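Note that the sequence shown covers residues 2 to 174 in the numbering used here.
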Amino acid sequence: MGVLGVRVRVHAPEHDVLVVLSEAEGPLSLPIVIGPHEGVAIATAQAGMQSPRPGPHDLLLSVLEASEVGLDRVNIIEVRDGTFIAELVLTNGRRVDSRASDAIALALRAHVEVWCAEAVLDVAAVVLDVDEDEHEHVHLGAPMHGQEADEEVAEFREFLDSVAPEDFDDTDA
């Protein structure tokens, strides 16, 4: 699956941060609710932006490389009580349990495939219906580069600066 991007779904009183995956050949998309910090990690990786010092995902990939092991691919294997379960498939054949958001951030940095189990698609996939006007605002397909990517990340960071933890509190629901 390809990573379409990170989006913020705004509806009062809460805001959901989503990463949206899409089939390479097919109409299905997989929206996964993630945290705002994970959203930044995915959006910056998708934009090809590098920080001056390694963040946690960069650090993990460096440790794997120093251990002479690489990331072969990422599998999203299950939805358990509304939580997407992923695994990192290493080049030595071992599999490591992971949060889906972290696995996707690593896959983008390592330039490896994100695979999704059919059972997950059966339960959680949707068909995105985007009209022409909306398409101008939704970046589908290839990763963004240059100024477009910088603007997208800046807009997402602006959202993060304005949001408070209480905005994600669902105890009243």
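Where a beta carbon is used, it is the ideal one built from N, C-alpha and C, also for glycine.
Keep in mind the model is a prediction, meaning the values are calculated, not measured.
So what does residue i bridge to, in DSSP terms?
i     : result
Asp98 : Glu88
Asn93 : Asn93 is not bridged to any residue.
Taking 8 Å as the cut-off, is the CB of residue i close to at least one heavy atom of the ligand COA?
i     : result
Arg96 : Summarising the ligand content, the structure contains no ligands, and the ligand COA is consequently not present.
Look at the alpha carbon of residue i and the alpha carbon of residue j, and state the distance between them as a whole number of angstroms.
i      : j      : result
Glu66  : Val20  : 27 Å
Val18  : Arg54  : 25 Å
His140 : Val64  : Caution applies to His140, whose pLDDT of 35 falls short of 50 and renders its modelled position unreliable; the model cannot decide the point.
Pro4   : Leu129 : In the sequence as displayed, the identity of residue 4 is Val instead of Pro. Computed Cα separation, rounded: 14 Å.
Ala87  : Leu31  : 14 Å
Val7   : Ala44  : 6 Å
Asn93  : Pro28  : 33 Å
Ala123 : Val34  : Here residue 123 turns out to be Asp, not Ala, going by the sequence shown. Near 17 Å, if we compare the C-alpha coordinates of Val34 and Asp123.
Under 9 Å, do residue i and residue j count as touching if we go by C-beta distance?
i      : j      : result
Gly36  : Ser102 : yes
Ala111 : Ala42  : no
Ala108 : Val115 : yes
Val194 : Ala46  : Because the chain here runs from 2 to 174, residue 194 falls outside it and cannot be looked at.
Ala118 : Ile77  : yes
Leu60  : Leu72  : no
Val121 : Val80  : yes
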